[in-house]
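Reading through the structure tokens given below for one structure.
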Amino acid sequence: MIEPKTPRLSHLELWEKWKSDGDRDAKKQLISEYLPLVDYVTNRMAIGLPRNVSRDDLASNGVMGLIDAIDKFDYRRGLQFETYASWRIRGAMIDGLRQGDWVPRSVREKAKRIEEAYQVLEQQYLRNVSDAEMSAYLEVSETEFRQMLQDIAVTTVCSLEDPIREEESETRKALLIDERAKNPDHKVQEFYIKESLVKGIERLTEKERIVVSLFYYEELSLSEIAEVMSLSPSRISQLHSKAILRLRGVLEHERSQLMQQ
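Taking our numbering, the leading residue of the sequence shown gets 24, the next gets one more, and so forth.
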């Protein structure tokens with residue numbers, strides 16, 4: 024006699040069995056249900072990373088992030104697990120990359136130099152500076168400057184999408200607050216930081232704004248953006264790096280201003 028199949032439980036039922044009853048089988052089913060999130064984040068993270076970075080390593084770290092998300096998520100708050108888990112998965116991958124010291128010190132130093140150059144020049148001119156002006160400030164040719172942008176493309180992966188708090192999906196692109204600051208006017212600070220970020224985005228070139236929008240809001244990969252904009256993937260990577268370094272500079276300047284108040 025063939026036994027009837029056990030009815031498939033809904034996600035809510037699985038969450039209830041895991042969180043309320045500590046049912047390990049329910050947890051395993053949740054992991055299985057949400058594993059495609061790991062593949063999705065892995066594919067996005069892998070774009071632009073060096074060839075020596077293994078997709079398998081990314082995915083392995085991502086699975087640990089998924090398990091951590093399932094352990095910490097409170098389904099009763101009515102939040103979307105997919106959004107929360109994506110940040111946790113991505114954070115676990117980034118932690119793995121950092122522990123592996125995958126970016127040479129020389130590349131990090133280049134990124135810092137360019138970020139500081141954008142910050143200085145754009146505060147000085149109060150406008151979007153050209154590659155020629157950047158090259159002159161850095162004392163390199165424009166060709167060398169573009170190569171520097173290409174070299175540091177991998178460092179911008181860990182950028183504006185990093186969560187600020189573990190329990191939330193809010194990121195640096197939303198606000199930048201020093202949690203240790205004992206300032207009762209943090210809401211006012213938050214407002215001005217958001218305003219500063221808006222101004223920073225406005226200073227980006229049209230192409231840079233499009234890349235930021237397509238990558239962070241439409242969630243296209245850099246290769247997909249290259250097809251949409253009819254540009255090479257390397258050019259899209261350069262535009263992304265320039266945009267992120269500019270925005271980092273804006274946020275860092277605003278934070279330093281607030282810390283002095």
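Beta carbons: idealized from backbone N, C-alpha and C, even for Gly.
Computed from a predicted structure; not experimentally measured.
Going by beta carbon distance, what residues of the same chain come within less than 7 Å of Arg232, once the five residues before and after it are set aside? Hits under 7 Å: Ile224.
Does Val273 come out as helix, strand or coil in the three-state DSSP assignment? DSSP places Val273 in the helix class (H, G or I) of the three-state scheme.
Segments assigned alpha helix (DSSP H), at least 4 residues, entirely inside the segment 96 to 166: Within the segment 96 to 166, complete alpha helix (DSSP H) segments of at least 4 residues are found at 104 to 122, 128 to 148 and 154 to 161, given in chain order.
Rounded to the nearest angstrom, what separates Met171 and Lys133 at their Cα positions? Their Cα atoms are separated by approximately 7 Å.
Are the beta-carbon atoms of Asn151 and Arg226 separated by less than 8 Å? Their beta carbons are under 8 Å apart, which means Asn151 touches Arg226 by this criterion.
Just the Cα atoms here: how many angstroms apart are Gly85 and Trp110? For Gly85 and Trp110, the distance between alpha carbons rounds to 10 Å.
In the structure shown, what three-state DSSP assignment does Asp48 receive? In the structure shown, Asp48 adopts helical secondary structure according to DSSP, grouped into three states.
Tell me which same chain residues have a C-beta within less than 6 Å of the C-beta of Lys50, skipping the five on either side of it? Only Trp41 meet the Cβ criterion.
Give the C-beta separation of Ser260 and Ala140 to the nearest angstrom, bearing in mind that I take them to be a contact with Cβ-Cβ under 8 Å. A Cβ-Cβ distance of about 19 Å is found for the pair Ser260 and Ala140, leaving them out of contact under the 8 Å criterion.
Can you check whether the CB of Val251 is closer than 8 Å to the CB of Leu237? At the C-beta level, Leu237 and Val251 come within 8 Å of one another.
Round the Cβ separation of Gly272 and Glu138 to the nearest angstrom and send it over; I've been treating them as touching at under 8 Å. Contact between Gly272 and Glu138 holds, since their C-beta atoms are separated by about 5 Å, short of 8 Å.
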